[in-house]
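S.K.: Right, I'll just put the structure down here and ask away after.
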Amino acid sequence: MVLRWLPHLLVALLIAVTAAQHLPRVAAFQAAALGNPFPTQGSESLIVHEAGRLARGQSIYVENGPDARGFVSGPYTPLYFVAVAATLKLTPTVYAGGRAITLASWLVLLLAVGALAWGGVGRVRRAALPGVLGALAAVVSLAVFSPGVIWAVRVKPTVPGLALAAVGLLVVQRAVGAGRGSRGVVDRSVLWAVPFFVAAFFTKQTTFAAAVAATLFLLVHAGPRAAARLALLGAAVGGVLFAGLIVLTDGWLF
C-alpha cells in the first residue's frame, strides 16, 4: 500500500517542505500589514467609507448619479461591510478591524482547504498518511500563494466569502461521507451547509458558485433528492433574505 502511494507522498512532501520555507516571511509581512495605518489598495478606503456610512445609520445602496456620493466600490452584498462597521471604533486604525477579519477568515480558509484535501483521500481505508501529507501540502502551498498572502490582510470581502463557502463545502463532503454506502443516503447534517453558503453569498455574491458545486456534488454522489433538498432550502433562506434587503434598500440593492 505504501509503495503504491510513494510517488504521491514524495511530491506532497516536496511541495510542503519547499513552501514552508517562506512561512516566516509571510507571517512577518502580514503582521506588519495589520498595523499599517494607510490603505494598501484604493478599495480599502472605499469599503471603510461605506462601512462608516452603515455605522452612522446610512445606506450604502443609494442612487449614485453624477451629483451623488453613494455606493461606489462594487455591487457587493452587505455582510462584510456590517462586520467592518462594528470594528471602526474598536481598533487603532480604521483599516485594522477589516484586515483582522480578513486574516482570521484566511486562517479558517486554510483549515477548511486542508480538511477538504484530507477528506478526499485520508478517509479512505489505509490511506491516512497520503491524506495527511496531501492536506499539509495544500495548506502550506496556499498559505504562501502570493495573491492570497496579500489579500489575506486587505479590507476586502473576497477571503471571508471564500472561507464561508469552503466551510459549507466541507459540511457537504462530511455529510456524504457519513452516509456513504448507499446512493441517495446522506447524513442530514448536510443541511447545515445552507447557513454557510447563504452567509458566503451575502459576503460576496460570486461565492454562489460554491453552492452550485455542492449541489452538483450531491447529485452525483447522493442522488437528486439530496441535491434538491440542499438547493431548495438554500434558495428559500437566501431568497427571503435577499427580498428583505431589496425592501430595506428601496430596491437599490441591485
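Quick note on the working numbering: the sequence shown kicks off at 19 and runs consecutively. Glycine is no exception: its CB is placed at the ideal position from the N, C-alpha and C atoms. For clarity, every value in this text was computed on a predicted model and none was experimentally measured.
Look at the Cβ atom of V173, then the Cβ atom of E62, and state whether they are nearer than 8 Å.
M.R.: Going by C-beta atoms, V173 is nearer than 8 Å to E62.
S.K.: Helix, strand or coil for W210 per DSSP?
M.R.: Helix.
S.K.: Leaving out five residues on either side along the sequence, give the residues of the same chain with a beta carbon under 7 Å from the beta carbon of P178.
M.R.: For P178, where only same-chain residues beyond five positions count, the Cβ hits under 7 Å are Y98, I119, T120, S123 and T221.
S.K.: For the putative contact between A153 and A181, defined by C-beta atoms under 8 Å, what is the C-beta separation to the nearest angstrom?
M.R.: Contact doesn't hold; Cβ gap of about 17 Å is too wide.
S.K.: Can you find the residues in the same chain that come closer than 7 Å, C-beta to C-beta, to A101, ignoring five residues on each side of it along the sequence?
M.R.: Excluding sequence neighbours, A101 sits near I119.
S.K.: Under 8 Å, do L41 and V162 count as touching if we go by C-beta distance?
M.R.: Closer than 8 Å, so yes.
S.K.: Is it the case that the Cβ atoms of G195 and A229 are separated by a distance below 8 Å?
M.R.: No, Cβ-Cβ distance for G195 and A229 is not below 8 Å.
S.K.: Would you grab the beta carbon distance between V216 and L259 for me? Rounded to a whole angstrom, and I think it's under 8 Å.
M.R.: The pair is a contact, with the Cβ atoms about 7 Å apart (cut-off 8 Å).
S.K.: Applying the 10 Å Cβ sphere with the 16-neighbour rule, what's the burial state of L248?
M.R.: Buried, because 16 or more other Cβ atoms sit within 10 Å of the Cβ of L248.
S.K.: Suppose you measure from the CA of V265 to the CA of G75; what does that come to, to the nearest Å?
M.R.: Their backbone Cα atoms lie some 16 Å apart in a straight line.
S.K.: Between Q59 and G53, what straight-line distance do the alpha-carbon atoms span, to the nearest angstrom?
M.R.: So the alpha carbons of these two residues sit roughly 15 Å apart.
S.K.: Output the distance between the C-alpha atoms of L271 and V66, rounded to the nearest integer angstrom.
M.R.: Whole-angstrom Cα-Cα distance: 18 Å.
S.K.: If we ignore side chains and look at the alpha-carbon of each, how far apart do F89 and P175 end up?
M.R.: Residue placement at F89 is flagged as unreliable, the pLDDT there being 49, under the threshold of 50; the coordinate-derived value follows with that caveat. Answer to the nearest angstrom: the Cα atoms are 15 Å apart.
S.K.: Let me make sure I understand the geometry here. Which of P110, R43, S159 and L106 has the alpha-carbon closest to that of L127?
M.R.: Checking every option, the nearest Cα to that of L127 belongs to S159.
S.K.: If I'm right that A155 touches I33 with Cβ under 8 Å, what's the distance once you round it to whole angstroms?
M.R.: Right, the Cβ-Cβ distance comes to about 4 Å (below 8 Å), so this counts as a contact.
S.K.: Using alpha carbons as the reference points, say which of A103, L125 and L188 lies closest to A133.
M.R.: Nearest of A103, L125 and L188 to A133, Cα basis: L188.
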